[in-house]
Structure formats: structure tokens, C-alpha cells
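Everything below concerns the one structure shown next.
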Amino acid sequence: MSSLVQSVDWLAIAPPAIAAVVGLVVLVADLFVDEARKPLLGRLSVAGLGAATLMLLPLLDADRSTFCLAADAGVCSYTADRFTLVIQLLVLGGAFLAALLSVTALKDERKRLPEGEYWFLFLSSAAGAALLPASRDLATLIVALEVASLPAFALVGLRHGDRRSAEAALKFFLSSVTATAVSLMGVSFVYAATGTLHLTLIAERIQDVDGQLHTLAQTGVVLTLVGFAFKTAAVPFHFWVPDTYVGAPLPIAAYLSVIGKAVGFSGLILVTVVALPSYADVWGPALAVLAALTMTVGNVGALRQQAARAYSAVRLLAWSSVGQAGYLLVPVAAAAYSGDAEKSIGSTLAYALMYGAVNLGAFAVAAVVGRAHRRNRVADYRGLYASSPLTALLMGFFLLCLAGLPPGVIGLFAKVTVFSAAVDAGLGWLAVVMAVNVVIALVYYLRWTALLFRAPEGEPVRHRPTAPLTAAIALTGVLGIVLSGAPQLVLRFTDTGLF
């Protein structure tokens, strides 16, 4: 009789485990630390996220799996392969940068944000987000998704006495709960049709589903896709994004724009490409249409933002993130038509890394400007070069990367990679839609970039970034510049080994 006691590969699970353990330490320490020393919790959290990110290095050499079936050691619930490591780098590295923004935000809020609760929720969400890409069964996948999402609701509405923050949290909560309910129903249908929750076993068994269960399996596939479309902010499930980003503390908006998307897209890839490749004729066309709608609605929404409107800078970044989600969907849809699905998924990961670095950089600059201009309008960035030349240059670089223009070579490289994935898969019409949207996006990115270097109206406002904000801007700037000089490094790193 085989033993039910499993050995755990602690090295494989170290990155999410460290984030979770530090979160628990922060929660307990908050009970004993007086108000004057609360900033120590932030330093501990930043250090914990840095340590969790560094623990990815020992995992680079080989695939590691744990929590495997006793009857079949090749079927596991947790796998640390290259795909997992790329997403965990994006999640934990992005959370580290968002934590740097949070240190300053908590100081500026003057007790409107409770530090102990904030850091516990932040680390809990990061731990769930890091667990998700390693999940190889639907139960672990859904649990990780909710561990990443539930603390995020609270973080959005955590600011005391702010009606806008409460409304944003409620809208985010209702949309996400709906997505979870739909996903769970879809997962239950898939389980009923196949009798297993492990992704690789689902891929084998769903091809031979009994005729009476075929409709049930198809319905399960569609419902699961709809649930993850909410998580990725794909149109028409994007309505919560602008108000949530504006109402949330700025570091949480930055966190959702990158880590939230990484969670949604990694789950979507695992469900479609790994578990349901035989249903590519169902999810492939659906994702292609969603990609076209998402990039178009997102870019048109960003184009319509008025520079003088309150919070227009954050709102523009929110709509821009919806448009970027459309680009990220293109290679996932292409995987259904391509003979090399791994290459298509690599294109999505490459684009996600580029987007994560430069979008967090743009939010870091927005945090600097927001300290002097609480309403954070696009118009407030006029003349930034006159008062803070280096900050303005880096903001211009981040915006050009998002637009895909030199000197933001990494942005151009990522867009070409996604474009070629669509063309290679025979999705010429989607490539044309993407090309049109790239032109639309150029208008609002260049408009904002030009504003940075125009003469200021009146006396230039001095912007004094704190050390954590300076570190966040510097790290994202260096990363963007290095990758622009050697963009091929991204594709080498995102060779997923998922199949």
C-alpha cells in the first residue's frame, strides 16, 4: 500500500511561501509595534518581497514539481517550470516595486491607511498571485486566484473616510465575485465531464468525453473562459477598471495594472493551452474577438480622456492597461491556430515583462507628481522637464515604450513579437486591427509625452521624490533601457518549456 504522506519540495514553493510567511509575521508584529515604529512593517515587507524574488534564482536550472499523485508521480499540483518562473518574476518583482511606492503613500496618507492591515493584505495577495502560475490542477488554480483577489478588494477600499475608494472597492468586488462564480461553474462542468481536476489529465480525457457529456464539457469551457475574461479586464468585462484604479491608493492601482493582469493571463493560459488544447476551435476564435474588442475599446477610451479632468492621468493609464490587455490576448488566441503554441505563449510573456516594467515606471512617476498635485491630471505634467529633467525624461521613455516607439526599443520589439505571432497563426485580420490600434495609441501617448517638455504655466512646481520612489523609478528605468539595448534577452528568458 502506497504512503499518503508526501515529501514537499520546499525550494520549489519557496517564492510564494516566503511572501505568505512574511505576511503572517507582519500581521503578528502589528499587534506589538507602537505607532511610531509602524514604518518598520513596510521595510520588512519590502525585504520579504525582495527575498521571495531572489529565491527564483536557484530554480532556473531545472523543472521541479511537488504535491504529486501517489499513483502517478508525473501528475502534480505544483510545478516550477520556466513558465512559472517568468510569471513569478513578474508578480514578485512587480509587487516589490509597488511596495516601494506604498512606503511613501502610507507616509503621505497620515494614518488614513492602517499600515499593519495594508501590508498583510498586500503580501497575502502577492503570495496568491505567485502561487497561481505554478498551479497544475483546477482546485489549486481557483484557490490561488481567490487568495490573490480577495485581499485586493480590501486594499482598494482600505482608505478611511473616502467615498470614492469605497465605491471602487464595491464595483471591483461585485465584478470579481461574478467572475469567480462563473469560473467555478465552468470548472465544475469540466470536472463532471472528465472526472479529474489535474490539467494534464483533463487534456487527455476531454478528447474522449461521452457524447451525452459533450455539451456539458463545451459549456464548461465557455464559462471558464468568461470567468478569466473578467480577471484580465477583457471587453466587455472591463467596466470596473477605470473607477477602481482612480478610487484605489495609487500603489494598488499600479499593482492591479500589472500583477492583476499577470494573474488573469497565467490562469487563462493554463486553462486553455494546457488543459483544453482539444477545444482550441472554441476558445481560439473567442479570444481573438475579445482581443480585437479589448484593444479597440481600451485605446479609444484612453484617447477620449481630457487633460484637465481630475485624476485623468490615472484614468488614462487605466484605459491604456485595458488596451494593453488586448495586445496580450493576441498570442494566446494565436496559440489555437499556430503549430508552435509554445512560441505564441512566449510572445505573451515577453510582452507582459515589457509592459510590467514600463507601466510600473509610469505609475511611479505619477506617484511623484501626485504628491504635489493631489488631483493628478494629465495637465499637471506640463513643464515637468523644467522642474525635474530626469524624471520627465524617464516618463517620456516609459510612454514611448508603451507606444512602441524608439528609443523605447523594448516596446517596439514586444509589439513586433505579438504582431508576428498573429501573422504566423494566420490571423491577418487581427494583425490589421492591432496595427490600427497601435496608431490610435500613438496619439495619446505622444500627446502626453509632448506635454512633459512644454513650457510650464506659471512658476514650475518642484517635485521631490522620496528615496523609495526614486528607487522604483530608477529600477524600472534601468530595466527598460537595458532591455531596449538587448531585447533578445526577453525572448530567451520566456522560452517557456510549458509543453
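Position one of the sequence shown corresponds to residue 36 (the numbering used here), numbered consecutively onward.
Note that CB positions come from ideal geometry on N, CA and C, so glycine has one too.
The structure presented is a predicted model; accordingly, all values stated were derived computationally and were not measured.
Query: Please list the terminal residues of the continuous alpha helix (DSSP H) segment that includes A174.; Result: 173-191
Query: Considering only DSSP beta bridges, list what Y113 is partnered with.; Result: T101, S170
Query: Just mark A105 as buried or exposed, buried being the case when its beta carbon has 16 or more other beta carbons within 10 Å.; Result: exposed
Query: Identify whether M36 lies in helix, strand or coil by the three-state DSSP scheme.; Result: Because M36 carries a pLDDT of 39, less than 50, the predicted location of this residue cannot be relied on, and the following value inherits that uncertainty. Reduced to three states, the DSSP call for M36 is coil.
Query: Considering only C-alpha positions, which residue in the set P312, V222, L185 is nearest to L173?; Result: V222
Query: Relative to the alpha-carbon of A399, which residue among R489, L504, P424 has its alpha-carbon at the smallest distance?; Result: L504
Query: Specify the secondary structure class of H195 as computed by DSSP and reduced to three states.; Result: coil
Query: Relative to the C-alpha of G418, which candidate in T484, L180, L94, R117 has its C-alpha closest?; Result: T484
Query: Sort F155, P168, D143, A86 by Cα distance to D116 and report the nearest one.; Result: P168
Query: Does the Cβ-Cβ distance between R410 and A345 come in under 8 Å?; Result: yes
Query: Write down the C-beta distance between F207 and W275 rounded to the nearest angstrom, noting that I regard them as a contact closer than 8 Å.; Result: 5 Å
Query: Starting from E239, trace the alpha helix (DSSP H) in both directions and tell me its first and last residue.; Result: 234-240
Query: Which residues mark the beginning and the end of the alpha helix (DSSP H) in which Q523 is found?; Result: 523-528
Query: Check whether the Cβ atoms of L190 and L136 lie closer than 8 Å to each other.; Result: no
Query: Leaving out five residues before and five after V468 in sequence, what residues of the same chain have Cβ atoms less than 6 Å from its Cβ?; Result: A327
Query: Taking a contact to mean a Cβ-Cβ separation below 8 Å, would you say V217 touches L258 in this structure?; Result: yes
Query: As a quick exercise: from I241, A288, L384, pick the residue whose alpha carbon is nearest that of L124.; Result: L384
Query: In terms of residue numbering, what span does the alpha helix (DSSP H) encompassing I380 cover?; Result: 376-407
Query: Name the residue from A49, P50, G77 whose alpha carbon lies nearest to the alpha carbon of L62.; Result: G77
Query: Tell me the rounded alpha-carbon separation between S37 and L232.; Result: Note that S37 scores 44 on pLDDT, short of 50, meaning its location in the model is unreliable; the coordinates nonetheless yield the value given after this. Taking the straight line from one Cα to the other gives about 21 Å.
Query: Judging by CA-CA distance, which residue of A87, P74, D69 is the nearest neighbour of A54?; Result: A87
Query: What would DSSP say about K73, mapped onto helix, strand or coil?; Result: coil
Query: Comparing alpha-carbon positions, which option in S170, R499, L510, A392 lies nearest V403?; Result: R499
Query: Alpha helix (DSSP H) containing A370: first to last residue?; Result: Note, A370: premise wrong, no alpha helix (DSSP H); not H, not E.
Query: For V306 and C103, I'd like the C-alpha separation in whole angstroms.; Result: 19 Å
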